[in-house]
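Novice: For what it's worth, the numbering used here labels the leading residue of the sequence shown as 19, then goes sequentially.
Just so it is clear, CB atoms sit at the ideal spot from N, CA and C, and this is done for glycine as well.
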Amino acid sequence: EIRVATHTARRDPPTRRPSSAAAMYQPIGEKKPSNKWTNMGLVSSVVANVALGAAICYVSFSAPAPLEAGLAMRTAPVSAPVVVAPRSSMRNFAFNNMRNSMRANAEGSLGLKGYIPYPDTTGASLTPLPSIEAKSPFSDELKATAAAIVAPGKGILACDESTKTIGKRLEQIGVPNEEKYRQQWRELLFRTPNMNEGISSAILYEETLYQNAADGTPFVDIMKSINVIPGIKVDTGVRDTFMDGETITEGLEGLGERAKKYYEQGARFAKWRAVLRIDPNGAPSMEAIEGNARSLAHYGKICQMNGLVPIIEPEVLMDGPHGIEVQAWVTEKVQAATMKALSDVNIEWEGMLLKPNMILPGTDSGKTASPEEVAKYTVEGLKRTLPSAVPGITFLSGGQSEEEATRNLNAMNKLYPDAPWALSFSFGRALQASVLKAWDGKEENIESAQKLFYALATVNGQASLGKFEGEHPATTGSLYEKNYVY
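1) Taking 8 Å as the cut-off, does the stretch 256–264 touch the stretch 291–311 (at least 3 CB pairs, one atom from each stretch)?
2) Assuming A448 is part of the alpha helix (DSSP H), what are its boundary residues?
3) Look up G325 in the DSSP assignment and say whether it is helix, strand or coil.
4) For the alpha helix (DSSP H) containing G399, name the first residue and the last one.
5) Pick from Q190, G216, I191: whose alpha carbon is nearest that of K469?
6) Could you check what DSSP says for N428 in three-state terms: helix, strand or coil?
7) May I ask you to verify whether the stretch 168–176 touches the stretch 433–453, counting CB pairs closer than 8 Å and requiring at least 3?
8) Thinking C-beta only, is V246 closer than 7 Å to N214?
9) May I ask you to verify whether the stretch 314–328 touches the stretch 272–281, counting CB pairs closer than 8 Å and requiring at least 3?
10) Please identify the residue among V168, D362, A315 whose C-alpha is closest to the C-alpha of S149.
11) Taking the CB atoms as reference points, tell me whether E421 and A492 lie closer together than 7 Å.
12) In angstroms with no decimal places, state the Cα-to-Cα distance between K182 and Y223.
13) By the 10 Å Cβ neighbour count, where 16 or more other Cβ atoms means buried, how is D337 classified, buried or exposed?
14) Is the shortest distance between the beta-carbon of T424 and the beta-carbons of chain C less than 7 Å?
15) Candidates N364, G234, K432: which alpha carbon is nearest L147's?
16) On the three-state DSSP scale, how would you describe K485?
17) Would you give the residue range spanned by the alpha helix (DSSP H) that V238 belongs to?
18) Rounded to a whole number of angstroms, what is the C-alpha to C-alpha distance between N431 and I377?
19) Taking the DSSP output, what are the residues bridged to S361?
20) Thinking just about the alpha-carbon of each residue, which of S157, Q190, S154, G255 is nearest to the one in Q450?
21) Roughly how many whole angstroms lie between the Cα atoms of T356 and Y281?
22) Which residue from I184, A359, T381, G369 puts its Cα closest to that of A162?
23) Taking the DSSP output, what are the residues bridged to D258?
24) Does the beta-carbon of T386 have 16 or more other beta-carbons within 10 angstroms, so that it is buried, or is it exposed?
25) Could you tell me which of V477, E205, L335 sits nearest to G416, measuring between CA atoms?
26) Using only the alpha-carbon positions, how far apart do P82 and H340 sit?
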């Protein structure tokens with residue numbers, strides 16, 4: 019006889035659905051209504067997790083396949099504080115080891131090199147999206163100033179050398195580094211007849227912003243009378259940090275108050291230079307790139323809120339034995355990080371300018387590049403990183419000879435006439451070296467030196483339109499200085 023047992027399935031009483039927060043964050047050890055099947059499921063889960071943990075430990079502590087030395091991830095500087103979210107150590111120890119092992123092996127199998135950021139996905143310390151902010155009260159003025167600085171056929175005279183640096187220049191012609199002679203040299207430049215035909219603006223050192231000409235006229239007033247826009251260098255120099263020889267630029271402390279003061283004195287734009295270098299030991303580190311990018315971004319935002327158009331200058335020095343491809347690759351990474359940092363502070367793109375290096379082979383590489391090669395590597399990299407909303411790019415000369423800087427700028431504008439931004443210049447040595455030599459500290463040479471300065475401003479203005487042809491007026495050669503600071 020076959021007996022069939024029948025029974026009615028038991029149903030647990032309905033329980034109140036927990037809130038989403040309660041469902042996500044259950045207190046450890048909290049008792050919940052359950053039955054024996056649930057308990058058996060929990061036991062099975064524990065057993066499975068123990069087995070998984072053992073497997074993980076075996077994989078984690080096994081010697082991974084050897085990786086290239088270059089695949090090692092760079093870590094934060096020793097001095098940088100590291101905040102670690104509290105975790106259950108035993109439960110997460112094996113998981114973290116497995117994750118690190120998997121990460122290293124994944125990078126090795128993919129051939130990835132260098133710094134690869136992995137954000138914290140635990141939810142312990144997430145960074146919120148930057149909030150929408152009101153525009154600068156000077157927003158319209160910033161846009162107008164930025165557009166005027168890169169007006170067609172014009173560029174920037176960078177005469178913002180510190181007292182120490184201008185002293186080295188004067189020393190080359192046997193002139194003492196005294197305020198009287200620094201004033202004479204700057205007046206020679208600012209009172210050059212018709213210099214505004216090729217010069218839209220000038221970056222000044224703080225001393226010059228408050229300085230007067232010999233007849234008592236403030237330099238700022240002389241510049242304004244010929245529609246040349248005064249600007250100001252606001253960084254206070256660099257300090258060593260990160261890897262040997264790497265630096266970060268300082269000057270953020272008190273910048274808001276200084277920017278307000280400079281605006282009242284007549285300045286309408288500012289400049290901040292970040293310096294990065296390439297070497298076989300691994301520079302630039304991602305810490306140096308990102309640290310300088312953030313400093314540039316905060317400087318830019320502070321300036322915009324106080325009426326000054328920020329010129330963003332992330333310079334990758336051309337020192338070193340590397341080729342043009344490496345210079346291009348590193349510069350692109352630097353520019354991309356800088357643009358991200360600027361976006362994070364809600365920069366007004368239309369009210370800023372970029373002052374990058376041109377892409378050239380390292381000075382110790384023994385290689386040269388044609389103006390067309392320089393133009394291609396430089397502009398193509400910018401097309402991949404710089405928003406088209408930025409009105410212009412004012413290239414630094416970076417130790418190129420006066421003629422080389424002009425011809426490279428000219429090639430960019432000839433090859434890329436439809437670039438989304440103006441391709442202009444912000445030259446210091448490439449506008450002044452021959453002129454300083456012609457002046458030689460003598461009053462009787464002022465007129466001839468001014469004519470030469472006008473000629474140099476004119477050919478660079480032509481180059482910013484892609485229209486430079488013929489002989490170059492420069493009388494000097496290479497202006498390269500290793501690890502250049504000013």
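Specialist: By the coordinates alone:
1) yes
2) The residue given as residue 448 occupies position 430 in the sequence shown. Taken as a continuous stretch (DSSP letters only), the alpha helix (DSSP H) holding A448 covers 447–457.
3) Counting from 1 along the sequence shown, the entry for residue 325 is found at position 307. In the structure shown, G325 sits in coil (DSSP, three-state: anything other than H, G, I, E or B).
4) For the purposes of this step, residue 399 is taken as the residue at position 381 of the sequence shown. Where G399 is concerned, the enclosing alpha helix (DSSP H) stretches over 389–401.
5) By 1-based counting over the sequence shown, the position of residue 469 is 451. Ranking Q190, G216, I191 by Cα distance to K469 puts G216 first.
6) What you label residue 428 is simply residue 410 of the sequence shown in a count that begins at 1. Here N428 sits in helix by DSSP.
7) yes
8) Looking up residue 214 in the sequence shown gives position 196. Looking up residue 246 in the sequence shown gives position 228. Closer than 7 Å, so yes.
9) yes
10) Counting from 1 along the sequence shown, the entry for residue 149 is found at position 131. Closest option to S149, Cα to Cα, is D362.
11) Numbered from its first residue, the sequence shown carries residue 421 at position 403. Numbered from its first residue, the sequence shown carries residue 492 at position 474. Result yes, Cβ atoms of E421 and A492 sit closer than 7 Å.
12) Taking the sequence shown and counting its residues from 1, one reaches residue 182 at position 164. Taking the sequence shown and counting its residues from 1, one reaches residue 223 at position 205. Whole-angstrom Cα-Cα distance: 11 Å.
13) Here residue 337 refers to the residue found at position 319 of the sequence shown. It is buried - the Cβ of D337 has at least 16 other Cβ atoms within 10 Å.
14) Structure shown: chain C not included; a single protein chain is present.
15) Walking along the sequence shown from the start, residue 147 turns up at place 129. For the residues N364, G234, K432, the minimum Cα distance to L147 belongs to N364.
16) Stepping through the sequence shown from its first residue, residue 485 is reached at position 467. Here K485 sits in coil by DSSP.
17) One-based indexing of the sequence shown puts residue 238 at position 220. Where V238 is concerned, the enclosing alpha helix (DSSP H) stretches over 237–243.
18) Your numbering for residue 431 matches position 413 in the sequence shown. Your numbering for residue 377 matches position 359 in the sequence shown. Taking the straight line joining both Cα atoms gives about 15 Å.
19) Residue 361 sits at position 343 when you count from the first residue of the sequence shown. Per DSSP, none; premise fails for S361.
20) For the purposes of this step, residue 450 is identified with residue 432 of the sequence shown, where counting begins at 1. Selected option, being the one with the closest Cα: Q190.
21) Walking along the sequence shown from the start, residue 356 turns up at place 338. Walking along the sequence shown from the start, residue 281 turns up at place 263. Their backbone Cα atoms lie some 25 Å apart in a straight line.
22) For the purposes of this step, residue 162 is taken as the residue at position 144 of the sequence shown. Out of I184, A359, T381, G369, G369 has the C-alpha closest to the C-alpha of A162.
23) Your numbering for residue 258 matches position 240 in the sequence shown. D258 pairs with T265.
24) To locate residue 386, count along the sequence shown from 1; it is residue 368. Flag for T386 reads exposed.
25) Indexing the sequence shown from 1 puts residue 416 at position 398. For G416, the nearest C-alpha among the options comes from L335.
26) Against the sequence shown, residue 82 aligns to sequence position 64. Against the sequence shown, residue 340 aligns to sequence position 322. Caution applies to P82, whose pLDDT of 43 falls short of 50 and renders its modelled position unreliable; the value that the coordinates give is listed next. Whole-angstrom Cα-Cα distance: 32 Å.
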